[in-house]
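Going by the numbering used here, 51 is the number at position 63 of the sequence shown; the sequence numbering is gapless.
Backbone N, C-alpha and C fix where the C-beta goes; we use that ideal spot for every residue, glycine too.
Notes follow the structure.
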Amino acid sequence: MSRIRIGVLASGRGSNLQAIIDSVKEGRLDAEVAVVVSDVEDAYALDRARSAGIEARYIDPARKGARLSKESERRVIDVLDEFRVDLIALAGFMRILRSDFVRHFSGRIMNIHPSLLPSFPGLKVQMKALEYGVKYSGCTVHFVDEGVDTGPIIIQAAVPVLDGDTEEVLSSRILREEHRIYTEAIRLFAEGRLKIEGRVVHVLPERRDDAGGDESRH
Ligand code: GRF
């Protein structure tokens, strides 16, 4: 399979984007970030893209609120099509995608969320986890469906919630895991190893290259 092309949507600092860029650069992910799109003109994510030589596009959201205007969302679709992306990675993209968008790229949109879904969907979830008093939280990479943080789960990582944790401390403990599992989920997608069956994502075994053989195998 040829290298997949990823389109990343981000609204903010873009540390997950950076983790993906670094994974590609360091050869841990056989993929190409083809374009980064943001609804925020001065998003640091766009600077990160430009510094890495990746096409960075700002699209005026044309409205406040949870969704882009219909026209703006159409423009995002057009950009992603123009760059022939195979996968869309939402990385701190603060807008909810409309059904048209989700259907257009069905099964090819991923999101990273800083809680163990289905607990704590939505916003400010590290704070919500602290307030609820859970002993473990974490992060989830999932496919995006037409709901908010409801799509089929690909990978999760748990972290402990410790006495005295602030929102900041817990967020950064979770963020380290986000950076790790997002790359991992994209790698599985790139290898064609994710199979969605209803709500469940099956991870297919690694394909062995029979021609080469594995010397270290006993
Ligand atoms: C992350 O916590 C991610 O899980 C959430 O938004 C945050 C984005 O952070 N969806 P960054 O912009 O990738 O640094």
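- Per DSSP, the unbroken alpha helix (DSSP H) holding residue 157 starts and ends at 155 to 178.
- As summarised for the stretch -8 to 35, the continuous beta strand (DSSP E) elements at least 3 residues long and confined to that stretch are -8 to -3, 19 to 26, given in chain order.
- Under the three-pair Cβ rule at 8 Å, the stretch 67 to 79 does not count as touching the stretch 102 to 121.
- Looking from the CA of residue 161, the closest CA among 77, 53, 126 belongs to 126.
- Screening all residues for a C-beta within a distance smaller than 5 Å of any heavy atom in the ligand GRF leaves 0, 1, 2, 3, 4, 79, 80, 100, 102, in chain order.
- Secondary structure within the stretch 75 to 126: the beta strand (DSSP E) runs of 3 or more consecutive residues, fully enclosed, are 75 to 78, 97 to 101 (chain order).
- Under the DSSP definition of a beta bridge, residue 45 partners with 25.
- Remark: fewer than three beta-carbon pairs, one from each stretch, lie closer than 8 Å, so the stretch -6 to 7 and the stretch 140 to 158 are not flagged as touching.
- Boundaries of the alpha helix (DSSP H) around residue 58: 58 to 70.
- In the structure shown, residue 37 adopts helical secondary structure according to DSSP, grouped into three states.
- Between residue 117 and residue -4, the C-beta spacing is not below 7 Å.
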